[in-house]
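Presented below is the structure to which this report refers.
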Amino acid sequence: MSTGKPKRITLNVYLLKEAPNSASYWTDKDFIASPIGPNGKPKQIGTEQYPLGPEGEYGTLFIRKPFVEAAPEWLNFIQKGLDEGVKTSKWKNKSISAILIVKNGSRQFAISFGYGRYLIEPRLIEDRFGIKVVLNSVSPDKIASIDRQTFDASPRLSRTQTIKAASVSDYMINAEQDLLRGLVGHTKSAYSDVFGKIIAGIDSFKASIAIDLADLGNFLQLALERSASKDYLTKDVDGHASEFSWVENLLPVKDKELSEALDIQLWNSLSSNQTKDMWLAIPDLIDWTSVTGFAYNRTPDSDDIDPVLDLGRFFSTFRKGATLDTLKRREIFLILSSGSPPRPFPAFKCLYAEVKHDANLYILNAGNWFKVEASFQTAVEKYFAELPRKQFAPPFTEYSHAGEGPYNEYVCAQAQSSHAMLDRQMIRFGGSYDKIEVCDIYRVKTQNERGEFIHVKRGRGSSTLSHLFAQGFVASTLMVREPGFVKDVNLQLAKNKFDAIPVNFEARGNDVIYAIIDGPASTALDIPFFSKVTLQNYGKTINSYGYGVKLMHIPESAAHLASVAQKTAAKASKKKTTVTKKKTVRKKTVQPKSGV
């Protein structure tokens, strides 16, 4: 055995949750993943195991069997042009996956190699373990990279890194909206001998160090100690809050009974198709240039690959009798153009939801429940409640039309001298503002009436409202900053035989109206919480330009709502009939022809 200096290796370490009985450990029947198979039942991934050291002193290595082989996407593309004698089997990619399970005191760690992370049962992984280690072990003024998710109507997952280490404050954190998802920083001197100079954390803890297998225990022990610390919240010498204090704004739910109650409420909403405040998104940063699409089983046909994630389509793949446990065992697969094996993600970690429970707001994010900090929730709700409402009155009428376009045309036709139809009139302004719609309906400003830039959108889903609020923000910004944009707007107004707006436009005396078509007149207008956050952020900026900002509720007519309900019921009935026919066809046996 070599006695020289150990080689550097990157360790990717997961902490397993504590076993139910503190005197025992998880076995491979527990910690090896059991994804849902083609038959709708969980099937454990096959592995071979090898103890390391005398009697497994250094842990047990689990290697996936058989090795996974996959053809790159381009191979099918060029296959027809090759001679028949060309053997392409050797061109397939082979991936080796392994995990090393190590006991340390009463806890167990899983160190992944290759694609080993996908061998670990997701429900046993201690969430945010890596982040906690890094938060407590790096200097706040020596951060190399931050991954964060912005909570709003259109959540964004982003990574910001600096050329050289910088302070947390240099990363422009939005304390009200940002959830820390990953952190890379320079290790404090007290821990650098064990962890190395730079460490990274998400759910797993990553460190690149020169280490012998025999020294792994000390490394894991220190990681466990640092994950349990609260040093990152310590105030500075002047009594100022820690630069990491914002991490606590969205508080993880640690109460097991509350978490289970939220799970049940979530499943009940999913089962009854009440999904307006839910959506699917991959919880990791991905390279979109290498993505072919998404699938809801490991070996999809081309027709089963979706270009974008769709919650309704995913849920339609569930069998009758599915439960919350089914959801937690299901996976969503990222299909890669390289031909590498599809990357599985736990479906529960891809599901995002807002749930109100006992007057509090909870967010399901990456498989974890978070409680929205009370003062933040109160401030957002207060802004929404106090935002002025535009009165619903002629020329506006209840919605009973084939779409937003016909509705807007109808409204403008009722007031041709004061309301200009600008819906779908795109302005190619160039740069990052290509194809901009100034508004759907413009009400002319007079000596007695304020001008109104009215943006109309049907529905109150998060993505729909995100587009609506962004449209109003971008257009209102261009009006006050870009005379060239105002000139283009005037060309549109001229076509409608309206007077031009002054090129040096002033926002004072004008309102930006967000008109939302949703539900009957008897129902008060409400939108998802993080749509309110988006509205507040955009609204305050628009106000700062000099505009007024208002909401308007456009109700749907009773006849229209009844028609929609009827069509929905008919569609569901047709789908049920189609499924029944398919089952009948499968049950039929093919009779052999006589004499054959």
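This note's numbering puts the first residue of the sequence shown at 41, with every later residue one more than the last.
Yeah, the Cβ is synthetic: ideal placement off N, Cα and C, and Gly gets one too.
Assuming residue i is part of the beta strand (DSSP E), what are its boundary residues?
i, result
"GLN201", "196-206"
"ARG147", "147-154"
"ASP365", "Unbroken run through ASP365 is the alpha helix (DSSP H), 364-369; no beta strand (DSSP E)."
"ILE35", "Because the chain spans 41 through 636 in this model, residue 35 falls outside it and cannot be assessed."
"SER185", "178-190"
"GLY549", "Run containing GLY549: none; DSSP gives neither H nor E here."
"LEU531", "From DSSP, LEU531 is part of no beta strand (DSSP E) but of the alpha helix (DSSP H) over 523-535."
"PHE354", "Segment 351-355 is the alpha helix (DSSP H) holding PHE354; no beta strand (DSSP E) there."
"ALA247", "245-250"
Measure the C-alpha to C-alpha separation of residue i and residue j and round it to an integer number of angstroms.
i, j, result
"THR418", "LYS590", "20 Å"
"PHE245", "LYS389", "19 Å"
"PRO46", "THR581", "56 Å"
"LEU256", "PHE358", "43 Å"
"SER146", "ILE322", "33 Å"
"GLU413", "ASN536", "49 Å"
"CYS479", "GLU546", "17 Å"
"LEU325", "GLU421", "31 Å"
"GLY407", "GLN148", "21 Å"
"GLY524", "VAL543", "8 Å"
"LEU290", "GLN189", "11 Å"
"LYS615", "LYS360", "For LYS615, the predicted model reports a pLDDT of 47, less than 50, meaning its position is unreliable and no value from the coordinates is stated."
"LYS430", "MET592", "5 Å"
"VAL178", "ILE239", "8 Å"
"PHE334", "LYS130", "27 Å"
"ALA540", "SER502", "35 Å"
"ALA442", "GLU522", "35 Å"
"SER584", "VAL514", "14 Å"
"ILE251", "SER415", "47 Å"
"PHE102", "ILE249", "22 Å"
Leaving out the 5 sequence neighbours to the left and right, which residues in its chain are closer than 7 Å to residue i when beta-carbon positions are compared?
i, result
"GLU394", "ASP317, LEU401, ILE403, PRO568, PHE569, PHE570"
"VAL234", "ASN258, PHE259, LEU262"
"LEU351", "THR315, MET318, TRP319, LEU320"
Considering only C-alpha positions, which residue in the set the options is nearest to residue i?
i, options, result
"ILE171", "GLU124, HIS226, ASP243, PRO523", "ASP243"
"GLY491", "LYS497, SER179, SER516", "SER516"
"ALA205", "PHE410, LYS182, ASN313", "LYS182"
"SER484", "ARG104, MET461, ILE85, VAL208", "Before going further, note that residue 484 is Val rather than Ser in the sequence given. Cα-wise, what sits closest to VAL484 is MET461."
"THR231", "ASP70, ILE213, ILE251, ALA263", "According to the sequence provided, residue 231 is Tyr. The question's Thr does not apply to it. Measuring from the Cα of TYR231, the nearest candidate turns out to be ALA263."
"ALA215", "VAL573, GLY586, TYR585, SER584", "VAL573"
"SER299", "LYS411, TYR587, LEU92", "LYS411"
"SER380", "LEU310, PHE107, ILE249", "PHE107"
"VAL526", "ILE467, LEU56, GLY80", "ILE467"
"GLY579", "TYR423, ASP463, HIS593", "TYR423"
"GLY86", "ALA138, GLU166, PRO428, ARG369", "ALA138"
"ILE556", "ASN448, GLN465, TRP409", "ASN448"
"ALA605", "ASP566, GLY559, PRO162, TYR587", "GLY559"
"LEU374", "ASN116, TYR158, ALA425", "TYR158"
"ASP637", "GLU438, PRO162, GLU124, ALA455", "The question about residue 637 has no answer here: the residues shown for the chain are numbered 41 through 636."
"VAL451", "LEU101, PRO434, ILE165", "PRO434"
"GLU426", "GLN487, LEU575, PHE169, GLN456", "LEU575"
"ALA59", "TYR554, LEU164, ALA602", "LEU164"
"TYR554", "PHE469, PHE538, THR437, PRO428", "PRO428"
"PRO78", "TYR336, ILE345, ALA602, VAL552", "TYR336"
"TRP409", "LYS143, LEU518, HIS507, ASP295", "ASP295"
Closer than 8 Å by C-beta to residue i: which residues in its own chain qualify, once you throw out the five before and the five after it? Chain order, please.
i, result
"SER282", "PRO180, TYR272, LEU273, THR274, LYS275, ASP276"
"SER378", "PRO112, GLU113, ASN133, SER330"
"GLU444", "ASP463, ASP480, VAL496, LYS497, ARG498, ILE557"
"THR128", "ALA111, LEU115, GLN119, LEU122"
Quick one: residues in its chain with C-beta nearer than 6 Å to the C-beta of residue i, no 5 flanking neighbours on either side, listed in chain order?
i, result
"THR200", "ILE186, TYR211"
"ILE76", "PRO82, ARG369, ARG370"
Between which two residues does the alpha helix (DSSP H) holding residue i run?
i, result
"TRP409", "It is not in any alpha helix (DSSP H) - TRP409 instead sits in the beta strand (DSSP E) that spans 408-412."
"ASN313", "Note, ASN313: premise wrong, no alpha helix (DSSP H); not H, not E."
"GLY588", "Note, GLY588: premise wrong, no alpha helix (DSSP H); beta strand (DSSP E) at 588-594."
"LEU115", "113-118"
"PRO446", "444-454"
"PRO340", "Per DSSP, PRO340 belongs to no alpha helix (DSSP H) and is neither H nor E."
"ALA263", "256-268"
"ALA230", "229-235"
"ILE171", "169-175"
"PHE71", "68-71"
Flag this pair as yes or no: are the beta carbons of residue i and residue j separated by less than 8 Å?
i, j, result
"SER285", "VAL173", "no"
"PRO382", "LEU391", "no"
"PHE493", "ILE594", "no"
"ASN530", "TYR587", "no"
"GLY99", "LEU140", "yes"
"GLN465", "GLN532", "yes"
Report whether the distance from the Cβ of residue i to the nearest heavy atom of the ligand GDP is below 7 Å.
i, result
"PHE334", "Summarising the ligand content, the structure contains no ligands, and the ligand GDP is consequently not present."
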